[in-house]
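J.:
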Amino acid sequence: MYIFKVAVVGAGTMGAEIAQVVSWSGLPVVLKDIDQEFVDRGMSKIRQIYQRRVDRGKMTQREMEEKMALVIPTTGFEEFKDVDLVIEAIPEKMPLKKQLFAELDRVCPSTTIFASNTSALSITEMGEATKRPERVAGLHFFYPASFMKLVEVIQGKHTSEETMDTLVDFATELRKLPVRVKECPGFLVNRVLMAAMGEALAFQEETKVPPEEIDAVIKSGGGVPMGPFTLSDTLGLDIVLDVAHTLHEAYGERFAPTQSLINLVQSGKLGVKSGEGFYKYTG
Ligand SMILES: NC(=O)c1ccc[n+]([C@@H]2O[C@H](COP(=O)([O-])OP(=O)(O)OC[C@H]3O[C@@H](n4cnc5c(N)ncnc54)[C@H](O)[C@@H]3O)[C@@H](O)[C@H]2O)c1
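In our numbering, the protein residues as written are 1 to 283.
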């Protein structure tokens with residue numbers, strides 16, 4: 001199935017980035033949130049991403065306006081009558097996601113594919129909130145989606161091969177690198193990432209080697225853009241702890257969160273967004 005029009009629901013951190021990626025590929029994309037203020041914020045984030053490219057001479061102002069014209073901001077469902085794919089990027093709460101998918105099921109054509117950008121929740125359970133579970137899958141972009149190549153395409157228990165193939169082709173059209181994953185807690189990337197980050201955090205707790213030293217070693221030797229402490233602070237320590245709890249519950253002790261991470265979250269130190277985590281941030 002070919003995708004001619006896309007909708008992204010949730011214009012927050014991920015939704016705006018994903019809508020930018022879709023518009024960049026030349027497809028029209030509806031960007032929906034619950035409040036005009038959030039839609040406007042998402043639109044200015046998309047504009048910022050394009051503006052940086054214009055400033056660096058990678059595209060012209062005119063090209064930027066053409067891409068921006070592909071994004072259709074809305075708080076309603078009127079634009080969903082002819083979408084081929086909806087990508088959900090609302091908060092990581094199962095009841096909210098199920099309610100949204102049930103609503104989408106009523107307003108979208110029966111052929112529309114629903115994809116969730118969830119980092120950890122069950123695609124199968126979301127699919128079961130609709131009458132089209134074979135057309136519900138995960139499409140997990142990574143932050144910042146405008147830059148990160150990898151996209152996990154996640155197959156729930158009911159997701160058809162045709163839906164998987166369509167999403168893999170779609171991700172390739174977006175110039176991303178899709179990887180097929182069967183549903184399991186943490187999917188592929190978060191399982192590997194959290195195992196590595198958890199080990200770095202446990203090493204720090206045991207040895208008291210400062211985070212900046214561990215970050216520097218891993219960054220220089222590991223071929224990664226940032227070390228595990230900077231990455232945790234950037235993602236948000238509350239989010240990292242939530243994912244750790246999910247994996248701990250699913251796979252046992254090897255994913256137990258460290259006490260230092262729990263203590264930081266309990267004292268409101270959530271990383272960059274709160275001004276302090278493993279590091280202090282000013283300005
Ligand atoms: N932030 C990340 O680094 C990251 C990375 C990968 C995946 N994810 C996943 O992406 C999803 C979104 O995360 P985020 O960080 O962008 O969240 P966010 O809080 O930044 O944005 C969520 C947006 O959804 C809107 N929203 C809430 N309910 C809605 C509804 N019913 N209809 C329309 N809009 C609604 C909110 O107003 C908000 O603007 C989550 O499932 C998260 O786990 C996040």
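Yeah, the Cβ is synthetic: ideal placement off N, Cα and C, and Gly gets one too. Computed from a prediction, not measured in an experiment: that's the story for all the values here.
Which first and last residues belong to the beta strand (DSSP E) in which H140 is found?
T.: Its beta strand (DSSP E) spans residues 136 to 141.
J.: CB of S119 to nearest heavy atom of ligand 1: below 7 Å?
T.: Correct: S119 has its Cβ closer than 7 Å to ligand 1.
J.: Taking only three categories from DSSP, how would you classify S110?
T.: S110: coil per DSSP, three-state reduction.
J.: Hey, would you say the C-beta of M43 is under 7 Å away from at least one heavy atom of ligand 1?
T.: Because no heavy atom of ligand 1 lies under 7 Å away, the Cβ of M43 does not count as near it: no.
J.: Would a C-beta distance cut-off of 8 Å place G289 and S232 closer than the cut-off?
T.: Outside the displayed range of the chain (1 to 283) lies residue 289, so it cannot be described from this structure.
J.: Let me make sure I understand the geometry here. Which of V153, T207, F255 has the alpha-carbon closest to that of L193?
T.: Looking at the Cα atoms, F255 is the closest of the given residues.
J.: Checking 8 Å against the spacing of the C-beta atoms, do T166 and G138 come in under that value?
T.: Taking 8 Å as the Cβ cut-off, T166 and G138 do not qualify as a contacting pair.
J.: Leaving out five residues before and five after Q20 in sequence, what residues of the same chain have Cβ atoms less than 6 Å from its Cβ?
T.: Closer than 6 Å at Cβ, skipping near neighbours: I46, I49, S146.
J.: Throw me the rounded Cβ distance for the G156 and E88 pair, which I believe falls under 8 Å.
T.: Contact doesn't hold; Cβ gap of about 13 Å is too wide.
J.: For the alpha helix (DSSP H) that K67 lies in, which residues bound it at each end?
T.: 61 to 68 is the extent of the alpha helix (DSSP H) around K67.
J.: Could you check where the alpha helix (DSSP H) with E199 kicks off and where it finishes?
T.: E199 -> alpha helix (DSSP H) spans 189 to 207.
J.: Looking only at its own chain, which residues have a Cβ that is under 6 Å from the Cβ of A250, when we skip the five neighbours before and after it?
T.: So the list reads P185, once near-sequence residues are dropped.
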